[in-house]
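Residue numbers (numbering that gives the first Met the number 0), protein chains in the order written: chain A, 0 to 287; chain B, 0 to 305; chain C, 0 to 355.
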Amino acid sequence: MRRGRRSLFPLVRHALLLAWTAVTLFPIYWMVMTSFKHAGEWVTWPPRWFPHEPTLVNYVKVLTPGTSTFELGRQTLKILKPIGDSLIVSGVGSLLAVVLGSALAYSWARFGTGGRNYPYNILSIRMVPPIVIAVPFVVYFVTLRLLDTYTGLILVYVATCLPYVIWMMLAFVEEVPVELERAARLMGASRLRVLRSVVLPLTASGLVVTFLFVFILNWSELLLAITLTNTEVSTLPITLNKFQSANEGRDYGPQAAIGTLATLPVVVMGFLIQKHLLRGFSFGLLRK
Amino acid sequence: MTGLRRWLERERVFRWLPFIPVQGLFALLLLPNFLLLVYLSLLSWRITRGTWWNAAFTGLDSFQRALEDERFLWALARTFGFAAAAVPLELLLGFGLALLCRRQFRGRRFYTTVFLLPMMIVPAVVGYDLSMLLIDQGPFNQLLSLLAGRAITVRWLSEYTPAQLAVIGADVWQWTALTFLIFTSGLAGLPEDPIRAARVMGASRWQIFWHVELPLLKPVIAIAVILRSMEALKIFDYPMLLTQAGPGNATETVAVYLWRVGWEFARVSDAAAMSLVLLVAVAMYSFVAIRVLRRERRRLAEEGVA
Amino acid sequence: MASIRLERLTKVFGATRAVDGIDLAIPDGEFVVLVGPSGCGKTTTLNMIAGLETPTSGDIWIGDACVTDWEPGERNLGMVFQSLALFPHMTVFDNIAFPLRIKRVAPEEIASRVRAVSDTVHVGHLLDKRPATLSGGEAQRVALVRTLVVQPSVFLMDEPLSSLDAKLRVEMRTELKRLHAALRSTFVYVTHDQAEAMTMADRIVVMHQGRIQQVGRPLEVYGDPVNRFVAGFFGVPAMNFVEGELQPEPDGARFMAQALRVTLPGHGGGSGPAVLGVRPEHVRFADGRESWPATVSLIEPLGDETLLFLDYGGPSSLVAKVDAEEKVAVGDRRSFTFRPDRVVLFDGTTGGRLCR
Chain A
0 MRRGRRSLFP
10 LVRHALLLAW
20 TAVTLFPIYW
30 MVMTSFKHAG
40 EWVTWPPRWF
50 PHEPTLVNYV
60 KVLTPGTSTF
70 ELGRQTLKIL
80 KPIGDSLIVS
90 GVGSLLAVVL
100 GSALAYSWAR
110 FGTGGRNYPY
120 NILSIRMVPP
130 IVIAVPFVVY
140 FVTLRLLDTY
150 TGLILVYVAT
160 CLPYVIWMML
170 AFVEEVPVEL
180 ERAARLMGAS
190 RLRVLRSVVL
200 PLTASGLVVT
210 FLFVFILNWS
220 ELLLAITLTN
230 TEVSTLPITL
240 NKFQSANEGR
250 DYGPQAAIGT
260 LATLPVVVMG
270 FLIQKHLLRG
280 FSFGLLRK
Chain B
0 MTGLRRWLER
10 ERVFRWLPFI
20 PVQGLFALLL
30 LPNFLLLVYL
40 SLLSWRITRG
50 TWWNAAFTGL
60 DSFQRALEDE
70 RFLWALARTF
80 GFAAAAVPLE
90 LLLGFGLALL
100 CRRQFRGRRF
110 YTTVFLLPMM
120 IVPAVVGYDL
130 SMLLIDQGPF
140 NQLLSLLAGR
150 AITVRWLSEY
160 TPAQLAVIGA
170 DVWQWTALTF
180 LIFTSGLAGL
190 PEDPIRAARV
200 MGASRWQIFW
210 HVELPLLKPV
220 IAIAVILRSM
230 EALKIFDYPM
240 LLTQAGPGNA
250 TETVAVYLWR
260 VGWEFARVSD
270 AAAMSLVLLV
280 AVAMYSFVAI
290 RVLRRERRRL
300 AEEGVA
Chain C
0 MASIRLERLT
10 KVFGATRAVD
20 GIDLAIPDGE
30 FVVLVGPSGC
40 GKTTTLNMIA
50 GLETPTSGDI
60 WIGDACVTDW
70 EPGERNLGMV
80 FQSLALFPHM
90 TVFDNIAFPL
100 RIKRVAPEEI
110 ASRVRAVSDT
120 VHVGHLLDKR
130 PATLSGGEAQ
140 RVALVRTLVV
150 QPSVFLMDEP
160 LSSLDAKLRV
170 EMRTELKRLH
180 AALRSTFVYV
190 THDQAEAMTM
200 ADRIVVMHQG
210 RIQQVGRPLE
220 VYGDPVNRFV
230 AGFFGVPAMN
240 FVEGELQPEP
250 DGARFMAQAL
260 RVTLPGHGGG
270 SGPAVLGVRP
280 EHVRFADGRE
290 SWPATVSLIE
300 PLGDETLLFL
310 DYGGPSSLVA
320 KVDAEEKVAV
330 GDRRSFTFRP
340 DRVVLFDGTT
350 GGRLCR
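Structure (structure tokens):
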């Protein structure tokens with residue numbers, strides 16, 4: 000009949016949480032540290048937790064313009080082009096997907112277009128392992144001359160992330176009260192006007208979150224990128240993979256630099272949207 | 000122009016506008032793709048032997064080869080095994096962390112931010128990063144040595160079981176963040192009053208958790224399981240970058256193997272056939288999963304918030 | 000023994016004193032209603048009695064025991080929430096049985112007790128249904144039964160009727176009173192609805208800004224309010240307030256505002272700014288010494304009575320409640336007066352009652 004049991008719990012909680020924090024941060028910490036180490040410090044025994052002579056040479060090496068070359072033993076890695084390629088493909092792909100997907104989510108939410116089960120059917124697209132579609136895609140694209148093009152990869156990315164866009168935007172669209180739209184229409188607004196002046200502003204944050212989320216998704220995508228592009232278009236994950244496999248003599252420094260650079264924008268984006276992720280991720284299953 | 004505008008305004012027309020490009024995209028991309036997949040699987044074609052429309056039609060030969068291919072079957076088993084190991088771990092960890100972070104306390108914001116970080120990182124980077132950490136003389140082994148008090152060198156990347164553990168570990172490291180996210184929002188959405196009512200009735204913390212909170216969380220658990228298992232079956236990035244599917248075939252997941260068959264060995268038809276087998280396996284699984292999702296959503300609508 | 004005593008009970012949230020040192024003694028078996036506007040602290044007080052909130056300071060006694068540190072489950076209370084808090088994933092039977100299952104009562108006994116209690120409140124036919132399929136009134140009853148089944152010594156209710164429509168609300172009010180009469184347990188009931196408080200309470204506790212304004216029987220609180228707030232809280236339409244000056248007279252005092260001159264014989268209230276309060280039913284037409292002219296600006300017929308809005312020159316109209324038979328029209332110029340023994344005076348600055 001007392002409430003004294005509180006005293007021990009916070010300590011235990013912090014201990015557990017700190018443990019997982021350490022687990023989470025350690026690999027990231029290590030990668031960032033390595034990116035600032037020069038070659039002599041990469042692999043030491045005992046490993047150096049902090050570079051004794053921090054340097055930017057890895058970043059310089061990686062960021063100067065030029066094309067990467069991969070050969071066993073000799074490798075130079077440049078990432079300006081891969082970053083550019085990734086930006087184009089992910090940016091355009093995500094944008095297109097968000098525009099189309101939100102419109103579709105709206106249409107389904109308000110009119111039921113596509114049938115009651117449409118969102119579930121769409122989701123099943125996502126269930127298919129990309130490798131399954133990769134094989135015929137290559138053949139298909141070769142025939143259509145879309146192999147190794149920006150357009151080809153963008154189209155594929157749009158198709159693969161549409162399910163997520165639709166599900167996430169559904170949650171946001173359903174939060175807009177229908178009465179607002181009806182009131183606007185009674186005032187004489189056209190449907191397009193209603194979308195522009197009522198729905199868009201109210202779902203703006205949802206749109207941003209969804210965009211950033213699928214951007215991260217597409218930015219990170221490896222398998223389809225490797226299969227469908229490789230030379231003309233070479234996204235960041237492809238470059239990383241090529242480097243890794245061509246590389247028996249582990250060029251850790253520059254690779255850590257790429258890793259850090261590749262991760263940074265995405266982490267920042269993720270940080271911005273984390274609060275809102277919760278809403279979009281409910282798949283309509285969270286009680287309000 | 001107003002005639003056209005007027006026509007577009009009609010509900011019957013307007014509602015289909017976004018569907019046209021989307022369904023068109025799917026029809027142009029996915030449908031022929033699938034048909035092509037089926038057709039290719041019925042051929043016996045290698046890229047090196049000319050164009051596919053000239054290749055020999057051999058019917059179900061490729062399927063037979065696929066089902067007899069031990070390496071394929073092992074890859075399939077391995078993939079499901081990885082998922083079976085990783086997903087429950089992620090669920091438990093994510094749920095535990097979400098429970099710990101449930102109430103407001105000092106530093107909570109810090110923890111939630113940190114815990115969500117891993118899922119933002121490019122999986123390829125994670126694979127590469129961990130490969131750096133797990134080398135024989137790497138920092139991870141050193142940490143283990145510190146904790147154990149004696150020198151430990153697990154050869155994570157060059158021995159069978161450790162490599163598999165490493166791949167599973169990579170997945171858990173990155174995706175616990177997602178289950179944490181889902182459970183955090185699930186716990187936050189629990190209605191307060193039934194819990195308070197149970198408290199007044201004298202239910203212990205455990206009884207409340209088991210009889211009230213957990214049943215109410217069923218839909219959330221369903222999403223987490225479905226989402227994660229869907230993605231876990233596809234793992235490709237970690238084996239590729241962490242271990243190059245090695246040592247030997249220790250971490251060769253089905254995605255990696257199929258990729259090799261298609262690209263490195265150029266046996267496209269075989270790859271196509273195996274893909275179909277994989278598709279069937281996954282389809283059965285996802286059919287069940289979607290049924291569950293739909294049922295939980297319906298049940299939620301029925302129960303409402305009483 | 001299920002009396003309740005609150006001693007200097009305080010709850011502070013950050014910078015807000017939600018409950019500010021209240022003292023209250025509730026005898027066993029009383030139906031007490033905590034009433035006040037939202038934010039006045041009534042729900043917080045109830046939650047502290049329940050044990051769902053820990054007081055910042057002060058003590059709570061139930062019967063002979065000081066329960067301030069006790070867990071909610073140890074206090075043997077029954078509580079009904081505004082949202083009813085039925086477990087949506089359980090059937091009605093399981094909902095009602097839950098408190099018994101927690102206490103590990105044998106299954107056969109659970110079944111018989113649940114059925115017995117359900118029949119007394121007429122929910123026996125609902126036992127297999129789920130909460131979402133129940134109507135508002137049915138859900139209400141189930142929530143009640145769930146508290147009854149453990150036979151608590153005290154019943155706590157947090158605005159349980161506010162989600163019901165008007166007709167159901169009136170029905171449930173009567174049922175609750177009957178239940179109270181049958182059980183003779185202590186009921187602590189929270190509401191913001193003054194009509195509910197008036198009809199149901201043995202005693203009313205009026206709260207405002209975390210403090211108790213007045214405790215008394217319904218008619219006391221209505222007819223003898225201790226300050227302006229309490230006076231204005233009860234009664235529909237609300238009491239009329241006129242701001243003016245109080246001047247001492249040889250035999251009492253006199254209240255003055257605009258054209259009004261009200262003599263108050265025997266009043267010892269001193270002088271200064273004051274507020275005169277008079278309820279609409281005590282404003283009537285009259286001629287004679289203490290009467291003042293006004294124009295009828297609005298008429299609202301209620302059926303059995305009529306509300307008249309009288310413009311007397313003050314900043315707002317006076318509302319008078321008169322018999323429906325009175326022949327009045329908008330624009331009429333008539334004289335009115337107040338029933339002298341029903342006029343109350345409040346201090347102009349503090350709002351406290353100036354006694355006669």
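Heads up, the beta-carbon is just placed ideally off N, CA and C, and yes, glycines get one too.
| Query | Result |
| --- | --- |
| Spatial distance of residue 177 of chain B from residue 3 of chain B (CA atoms) | 46 Å |
| Min CB distance residue 175 of chain A to chain B below 8 Å | no |
| Short Cβ contact (8 Å threshold) for residue 33 of chain C with residue 18 of chain C | no |
| Sub-8 Å separation of residue 215 of chain B and residue 88 of chain C beta-carbons | yes |
| Residues of the segment 41-75 of chain C with Cβ closer than 9 Å to any Cβ of chain B, in chain order | 46, 49, 50, 51, 70, 71, 72, 73, 74 and 75 |
| Near-chain B residues of the segment 167-194 of chain A - C-beta to any C-beta below 7 Å | 189 and 190 |
| Of the listed residues B:250, B:95, B:148 and B:36, nearest to residue 156 of chain B (C-alpha basis) | B:250 |
| Buried/exposed call for residue 283 of chain B, threshold 16 Cβ in 10 Å | exposed |
| Burial state of residue 322 of chain C, where buried means 16 or more other Cβ atoms lie within 10 Å | exposed |
| Against chain B: residues of the segment 128-159 of chain A by CB proximity under 8 Å | 128, 129, 130, 131, 132, 133, 134, 135, 136, 137, 138, 139, 154, 155, 157 and 158 |
| Residues bridged to residue 334 of chain C (per DSSP) | C:292 |
| Three CB pairs or more closer than 8 Å across the segment 28-46 of chain B and the segment 266-282 of chain B | yes |
| Interfacial residues, the segment 197-215 of chain B to chain C, with Cβ spacing under 8 Å | 197, 198, 199, 200, 201, 202, 203, 206, 210, 211, 214 and 215 |
| Cβ contact check for the segment 100-110 of chain B and the segment 190-197 of chain B: 3 or more pairs under 8 Å | no |
| Under 9 Å by beta carbon: chain B residues contacting residue 18 of chain A | Here the premise fails: no neighbours, minimum Cβ distance about 10 Å. |
| Same chain only: Cβ atoms within 8 Å of residue 169 of chain A, ignoring 5 sequence neighbours per side | 104, 107, 108, 118 and 283 |
| 6 Å CB neighbourhood of residue 80 of chain C in its chain, flanking five on each side removed | 157 |
| Residue 212 of chain C - containing beta strand (DSSP E), residue span | 210-215 |
| Of the listed residues A:266, A:257 and A:36, nearest to residue 62 of chain A (C-alpha basis) | A:257 |
| Of the residues C:231, C:251, C:256 and C:232, the one placed nearest residue 242 of chain C, counting alpha carbons only | C:256 |
| With 16 other Cβ atoms within 10 Å as the buried cut-off, status of residue 279 of chain B | exposed |
| Burial state of residue 89 of chain A (16 or more Cβ within 10 Å) | buried |
| Residue ranges of each beta strand (DSSP E) within the segment 150-236 of chain C, 3 or longer | 153-157, 185-190, 202-207 and 210-215 |
| Test: residue 98 of chain C CB closer than 8 Å to a CB of chain B | yes |
| Per-residue contacts from residue 138 of chain B into chain C (C-beta, under 8 Å) | Those do not exist, as residue 138 of chain B stays about 45 Å from chain C at its closest Cβ, beyond 8 Å. |
| Check: residue 278 of chain C C-beta below 7 Å from any heavy atom of the ligand FMN | Of the ligands one can find in the structure shown there are none, so the ligand FMN has no counterpart to examine. |
| DSSP three-state assignment for residue 248 of chain A, whether helix, strand or coil | Residue placement at residue 248 of chain A cannot be trusted, given a pLDDT of 47 that sits under 50; what the coordinates show is reported in the next sentence. Residue 248 of chain A falls in the coil class under three-state DSSP. |
| Closer than 8 Å at the beta carbon, the chain A residues around residue 129 of chain B | 26 |
| Near-chain C residues of the segment 169-196 of chain B (beta-carbon distance less than 7 Å), N- to C-terminal order | 192, 193, 195 and 196 |
| Contact set between residue 289 of chain B and chain A, taken where Cβ atoms lie within less than 7 Å | 119, 122 and 123 |
| Contact check, residue 227 of chain A vs residue 137 of chain A, beta carbons under 8 Å | yes |
| Members of the segment 11-28 of chain C near chain B, C-beta cut-off 8 Å | none |
| 7 Å Cβ cut-off: residues of chain B touching residue 78 of chain C | 196 and 199 |
| Where residue 44 of chain C sits in the DSSP three-state scheme | helix |
| Residue 235 of chain C and residue 213 of chain C closer than 8 Å at C-beta | no |
| Three-state secondary structure assigned by DSSP to residue 353 of chain C | strand |
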